[in-house]
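Here the structure comes first, spelled out in structure tokens, and everything after it is commentary.
Protein chains: 2
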Amino acid sequence: MVKARVIVMLKDGVLDPQGQATQKALHTLGYDEVAAVRVGKVIELNLDTEDREWASARLKEMCDKLLANPVIESYRIERVEG
Amino acid sequence: MVKARVIVMLKDGVLDPQGQATQKALHTLGYDEVAAVRVGKVIELNLDTEDREWASARLKEMCDKLLANPVIESYRIERVEG
Chain W
1 MVKARVIVML KDGVLDPQGQ ATQKALHTLG YDEVAAVRVG KVIELNLDTE DREWASARLK
61 EMCDKLLANP VIESYRIERV EG
Chain B
1 MVKARVIVML KDGVLDPQGQ ATQKALHTLG YDEVAAVRVG KVIELNLDTE DREWASARLK
61 EMCDKLLANP VIESYRIERV EG
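So the protein lines, in turn, are chains W and B.
Just so we're aligned, residue 1 is where the first sequence starts under UniProt numbering, counting upward by one.
Just so we're aligned, residue 1 is where the second sequence starts under UniProt numbering, counting upward by one.
Listed below in structure tokens is the structure:
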């Protein structure tokens with residue numbers, strides 16, 4: 001079993017309303033040191049294979065086709081353990 | 001400036017409709033090797049301080065108060081760089 005993690009973030013320059021709302025809420029709670037907040041998705045997948053190289057290639061396809069919107073998002077495949 | 005990353009995931013046993021929907025969509029696209037998918041939030045914060053220890057304590061407070069719902073979510077503070 002290969003365990004993988006994909007981090008999907010909005011591209012720089014794309015408006016991040018969730019990040020802005022979170023920052024505002026933190027300031028309201030008194031955490032004024034918070035200078036910037038960005039919110040994204042973390043997707044953890046278990047793949048039924050032992051072939052890590054094949055898994056990495058397939059993961060890239062999954063990201064390009066479904067997991068990340070190429071217009072406004074970028075992704076990183078962070079960990080492929082098996 | 002301290003840069004931190006918080007990973008917020010649903011606790012084990014809590015229904016993850018987004019994860020299930022993603023898995024189903026991946027199967028539809030032919031990625032049958034996907035055995036399980038869990039989707040969570042990644043929150044990247046810039047904190048206007050150089051004191052990493054103080055930042056870590058404040059981050060824990062922010063998570064407990066706002067960033068994670070303690071009833072259904074667990075969080076990890078993964079990186080505090082400065």
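Virtual Cβ for every residue (Gly too), placed ideally from N, Cα, C.
Since the structure is predicted, the reported quantities are computational estimates derived from the model, not experimental observations.
Is the CB-CB distance between residue i and residue j below 8 Å?
i	j	result
K11/W	E73/W	yes
E44/B	R5/B	yes
E33/B	R52/W	no
V14/W	V42/B	no
CA-CA distance, residue i and residue j?
i	j	result
P70/W	R38/W	18 Å
L67/W	T22/B	8 Å
M9/B	K65/W	23 Å
L29/B	D16/W	29 Å
Q18/B	Y75/B	18 Å
Give me the residue from the options with the minimum Cα distance to residue i.
i	options	result
A25/W	C63/B, T49/B, W54/B and L15/B	C63/B
K3/W	E50/W, Y75/W and Q23/W	E50/W
A35/B	D48/B, G13/B, Q20/B and L15/B	Q20/B
L47/W	D16/B, Y31/B, Q18/B and K65/B	Y31/B
Residues in the same chain with beta-carbon distance under 8 Å from residue i, minus the five sequence neighbours each way, listed in chain order, please.
i	result
V80/B	V2, K3, A4, R52, A55, S56 and L59
Ignore the nearest five residues each way along the sequence and tell me which others in residue i's own chain have a CB closer than 6 Å to its CB.
i	result
G40/B	V8 and M9
Cutting at 7 Å between CB atoms, please list the residues of its own chain near residue i, excluding the five before and the five after it.
i	result
H27/W	V34
For the ligand NAD, is there a heavy atom less than 7 Å away from the beta-carbon of residue i?
i	result
Q18/W	Only the bare structure without any ligand can be found here, which leaves the ligand NAD out of the picture.
Quick one: which unbroken alpha helix (DSSP H) runs of 4-plus residues sit fully inside the region 16-53 of chain B? Chain order, please.
17-28
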